[in-house]
Amino acid sequence: MSAEHRSRRILSGMRPTGRLHLGHYHGVLKNWVRLQEEAECFFFVADWHALTTHYEEPTAMDLHVWDMLVDWMASGIDPEKATLFIQSRVPQHAELHLLLSMITPLGWLLRVPSFKDQQQKLKDRDLATYGFLGYPLLQSADILMYRATGVPVGEDQVPHVELTREIARRFNHVFGRDASFEEKANEALSRLGKKAAKAYSKARAEWLQEGNTEAREAASAAIAGSANISSEDRERLSGFLDGGGRVILPEPEALLTPAAKMPGLDGQKMSKSYNNT
Numbered sequence: 317m318s319a320e321h322r323s324r325r326i327l328s329g330m331r332p333t334g335r336l337h338l339g340h341y342h343g344v345l346k347n348w349v350r351l352q353e354e355a356e357c358f359f360f361v362a363d364w365h366a367l368t369t370h371y372e373e374p375t376a377m378d379l380h381v382w383d384m385l386v387d388w389m390a391s392g393i394d395p396e397k398a399t400l401f402i403q404s405r406v407p408q409h410a411e412l413h414l415l416l417s418m419i420t421p422l423g424w425l426l427r428v429p430s431f432k433d434q435q436q437k438l439k440d441r442d443l444a445t446y447g448f449l450g451y452p453l454l455q456s457a458d459i460l461m462y463r464a465t466g467v468p469v470g471e472d473q474v475p476h477v478e479l480t481r482e483i484a485r486r487f488n489h490v491f492g493r494d495a496s497f498e499e500k501a502n503e504a505l506s507r508l509g510k511k512a513a514k515a516y517s518k519a520r521a522e523w524l525q526e527g528n529t530e531a532r533e534a535a536s537a538a539i540a541g542s543a544n545i546s547s548e549d550r551e552r553l554s555g556f557l558d559g560g561g562r563v564i565l566p567e568p569e570a571l572l573t574p575a576a577k578m579p580g581l582d583g584q585k586m587s588k589s590y591n592n593t
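Residues 317 to 593 in my numbering are what the sequence shown spells out, letter by letter.
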């Protein structure tokens with residue numbers, strides 16, 4: 317494996333909710349076959365993710381897990397070139413999901429577009445559960461656990477990768493700073509000026525607690541607009557706002573798949589959940 321090959325790590329998964337259809341092949345598997353030649357790839361059967369919408373059908377999903385792996389290999393996925401695994405067989409996914417849930421503001425999950433959209437489209441199912449709300453957070457745990465640099469996704473999943481990037485920044489902010497980082501940041505804040513420091517602190521709190529992007533922009537503006545601080549202070553306050561410190565969890569990039577959206581019979585994304593395959 318070349319150095320360039322090793323430097324790129326790809327992670328992607330698929331929910332075992334039934335037999336594969338054309339959307340899986342053209343939208344996902346053809347891309348995986350190409351990626352396994354270009355990067356270090358981890359492809360997994362996302363059986364815990366399937367429970368977020370099919371929690372009443374665990375036995376049926378168990379049957380689909382192995383069929384899915386066989387179908388992947390029949391489509392050209394090579395276990396010698398990519399790591400294949402079943403999500404529930406790796407308990408660390410659940411452990412990291414639990415840890416991330418301790419630091420993720422509820423507002424970040426509520427603003428994910430797919431949450432309300434899926435509730436509208438799947439009205440026949442009871443999706444008023446934390447499992448469904450926390451689906452993107454479990455995705456984040458999957459991605460960050462393997463320190464993936466890229467995640468192949470369709471258009472509807474791009475916001476989930478952006479959420480993962482925000483969570484990585486927050487995790488690094490909470491756990492990646494040295495002992496004196498906050499003390500030095502507060503010293504820089506005192507040099508910012510009373511009015512600007514107050515605006516920065518208020519906006520920073522709104523950003524970290526509620527995920528308010530406008531508040532983040534306001535905090536950045538307070539830093540940029542001050543002539544009282546050094547470039548070092550400016551960098552420290554920017555790091556204090558966005559995480560700073562050691563990067564424990566790198567931020568992944570969303571890799572939009574060539575077939576970003578495979579339409580079903582009704583024009584929506586092809587999915588068994590929508591009965592349009």
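Glycine is no exception: its CB is placed at the ideal position from the N, C-alpha and C atoms.
Straight-line Cα distance separating residue j from residue i
i: residue 409; j: residue 545; result: 42 Å
i: residue 528; j: residue 522; result: 6 Å
i: residue 324; j: residue 506; result: 42 Å
i: residue 374; j: residue 455; result: 19 Å
i: residue 551; j: residue 416; result: 26 Å
i: residue 532; j: residue 424; result: 14 Å
i: residue 514; j: residue 530; result: 16 Å
i: residue 422; j: residue 446; result: 11 Å
i: residue 474; j: residue 543; result: 38 Å
i: residue 465; j: residue 437; result: 32 Å
i: residue 440; j: residue 571; result: 32 Å
i: residue 399; j: residue 526; result: 37 Å
Same chain only: Cβ atoms within 6 Å of residue i, ignoring 5 sequence neighbours per side
i: residue 364; result: 403 and 404
i: residue 490; result: 419
Sub-8 Å separation of residue i and residue j beta-carbons
i: residue 351; j: residue 468; result: yes
i: residue 520; j: residue 557; result: yes
i: residue 459; j: residue 332; result: no
i: residue 385; j: residue 358; result: no
i: residue 282; j: residue 539; result: For the chain, the structure presents residues 317 to 593; residue 282 sits outside this window and is missing.
i: residue 462; j: residue 368; result: no
i: residue 549; j: residue 495; result: no
i: residue 443; j: residue 413; result: no
i: residue 387; j: residue 338; result: no
i: residue 380; j: residue 329; result: no
Contact set for residue i: own chain, Cβ-Cβ below 8 Å, skip 5 residues either direction
i: residue 541; result: 512
Nonlocal neighbours in the same chain, by C-beta distance under 7 Å from residue i, ignoring five residues either side
i: residue 401; result: 360
i: residue 509; result: 542 and 544
N-terminal and C-terminal residue of the beta strand (DSSP E) that residue i is part of
i: residue 423; result: Segment 422–426 is the alpha helix (DSSP H) holding residue 423; no beta strand (DSSP E) there.
i: residue 325; result: 325–330
i: residue 361; result: 356–361
Residue span of the alpha helix (DSSP H) that contains residue i, given as start and end
i: residue 555; result: 547–558
i: residue 479; result: 474–491
i: residue 447; result: 446–449
i: residue 351; result: 346–351
Test: residue i CB closer than 8 Å to a CB of chain C
i: residue 446; result: Of the chains in the structure shown, none is chain C; there is only one protein chain.
At a cut of 8 Å, does the segment 378–393 reach the segment 329–345 through at least three beta carbon pairs? The segment 378–393 makes contact with the segment 329–345, as at least three CB pairs between them are under 8 Å.
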